[in-house]
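Read through the structure below, which is laid out as structure tokens, and then see the notes.
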Amino acid sequence: MAEIISLANRVTRIAPSPTLAVNAKAKALKAAGADILNFSVGEPDFDTPEHICAAGKKAIDDGHTRYTAVPGIQELREAVVYRLKEDHGRHYTPEQIQVSCGGKHGLYNIFQALLDQGDEVLIPAPYWVSYPPMVQLAGGVPVAVPLAEQDNFDLDPDILERCATDRTRAIIINNPANPTGSLFSRRALEAIGKMALERGWLVVTDDIYETITYPDEKPPHILDVDARLQDQTVILNGVSKSFAMTGWRIGYSAGPQHIIKAMNKIQSQSTSNPCAPAQYAALAALTGPQGFPAVMKQAFLPRREFFVADLTAIEGVTCVKPNGAFYVFPNFSAYYGKSFNGKKINDSVAMADYFLDEAKVASVPGAAFGADDFVRFSFATSMEVIREGMIRIKKALAALG
Ligand SMILES: Cc1ncc(COP(=O)(O)O)c(C=O)c1O
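Numbered according to this note's numbering, the sequence shown spans residues 295 to 695.
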């Protein structure tokens, strides 16, 4: 069909989420009968706990099926305030909380509320795939701050200094990070905090993986560096990863009231409010037993050990051991330039395609995360799948000449 209607520049500048695209391709191949092992998914391989599902069902039976307040129901915002106090000793009021349609939507609201055309946002790279396009959709300019594998993907203050300009408005911290699973050190956070205070940057701290850390420690947090930072920081979090609730689409932000108010204005003109029954389910998650992330971690831990050990045993492959989340991010660049059946593999997209076509293993190319030497594998899948996947990956790499 002829494409008579042209599209907005803003949409032609961005690509669809590559992680969701790979996942959809893997699922379609599987549905067509291919024996695909899927390592591309960014969600826990656990069902939402029963008491949370029950609260969602009860909410429907109780008639919570209408619009709610734009920033979310009062009880849920109070529950977020309670968790921030109870778990981290931080003080917020319900007016400083916005509930959104997933953490992703919270970030979208932040950038829409904050950025003007040409405003720069510092994004440590490797980064989560959605940060740069979300900044671009708001008219901003994403500026990658490179992190080195040999530093365990910690941030180097000198490099940060070099990336900052007088157009910098904000910096994103993702502790633990997707895709590396790494944590920023206290030293790195202190450098960020100092520069943010001196230059008036907004700090966006994406804490969505905070309950999934190895060892069992709370990750260092930017707000522990200097209490004054709370006036220029927005915390982004949600129930998707901690409570295996990815499909319920509930995230939340906590920050200065004028920023949350601006985000509410954006939300009021876009989604109105997050799904009402899902908010009641999230309320049960935040006010009920908090042991679920530990149950998931018990399953994730041996998978992480096996995956990292098996990957790093392959000649030429390096892999930083993740301190959080459920991804490994091995470096395959030693294999770039090699070929299979006359086809050269020169980058992470070609490598991930090769794994999918020849090994029937779905992964996400590092290029999507701003790091082309790497490929991301999620270990939110069973140990059997990981064992079989590693056999296939090794075989595929050995077949390259
Ligand atoms: C780093 C990071 N932040 C935020 C999100 C958004 O989570 P959701 O929108 O599913 O709540 C994700 C999901 O993959 C993520 O990896």
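Glycine included, each C-beta is placed from N, C-alpha and C at the ideal position. Note that this is a predicted model, so its numbers are computed, not measured.
Taking only heavy atoms of ligand 1 into account, decide whether any of them is closer than 6 Å to the Cβ of residue i.
i: T565; result: no
i: W542; result: no
i: N472; result: yes
i: I453; result: no
i: D341; result: no
i: N468; result: yes
i: G545; result: yes
i: S334; result: no
i: G383; result: no
i: I245; result: Outside the shown range of the chain, which is 295 to 695, sits residue 245, and nothing can be said about it.
i: S536; result: no
i: G532; result: yes
i: K688; result: no
i: G695; result: no
i: W422; result: yes
Would you identify the three-state DSSP class for residue i, choosing helix, strand or coil?
i: D500; result: strand
i: N472; result: coil
i: V611; result: coil
i: P560; result: Looking at the sequence shown, residue 560 is not Pro but Ile. Looking at I560 - three-state DSSP - the assignment turns out to be helix.
i: P338; result: coil
i: Q592; result: helix
i: T359; result: coil
i: Q392; result: strand
i: P440; result: strand
i: I506; result: coil
i: A521; result: helix
i: I417; result: strand
i: V622; result: strand
i: Q584; result: coil
i: W422; result: coil
From residue i to residue j, what distance separates their C-alpha atoms?
i: I308; j: W422; result: 15 Å
i: R461; j: G412; result: 7 Å
i: L595; j: Y508; result: 8 Å
i: A628; j: V439; result: 24 Å
i: N635; j: V533; result: 45 Å
i: L650; j: F333; result: 10 Å
i: I502; j: M539; result: 12 Å
Apart from the five residues just before and just after residue i, which ones in its own chain have a Cβ nearer than 6 Å to its Cβ?
i: G582; result: H345
i: A373; result: L577, L580 and T581
i: P451; result: A485
i: S479; result: D448
I'd like the list of long-range same chain contacts for residue i, defined as Cβ closer than 7 Å, with 5 residues on each side in sequence excluded.
i: L517; result: R384, L523, Q524 and T527
i: A572; result: G350, W542, R543 and I544
i: T606; result: T612 and C613
i: G549; result: Q390, T527, V528 and I529
i: I330; result: A320, L323, K324, K654 and A656
In this structure, what does DSSP give as the bridge partners for residue i?
i: N635; result: Answer is none; N635 lacks a bridge partner.
i: R670; result: V658
i: I466; result: V498
i: S547; result: Q392 and L530
i: N332; result: A656
i: V435; result: E414
Leaving out five residues on either side along the sequence, give the residues of the same chain with a beta carbon under 8 Å from the beta carbon of residue i.
i: C569; result: C395, W542, R543 and I544
i: Y376; result: L580 and T581
Compare the C-beta of residue i against all C-beta atoms of chain C and say whether one is closer than 7 Å.
i: N567; result: Note that chain C does not occur in the displayed structure, where there is just one protein chain.
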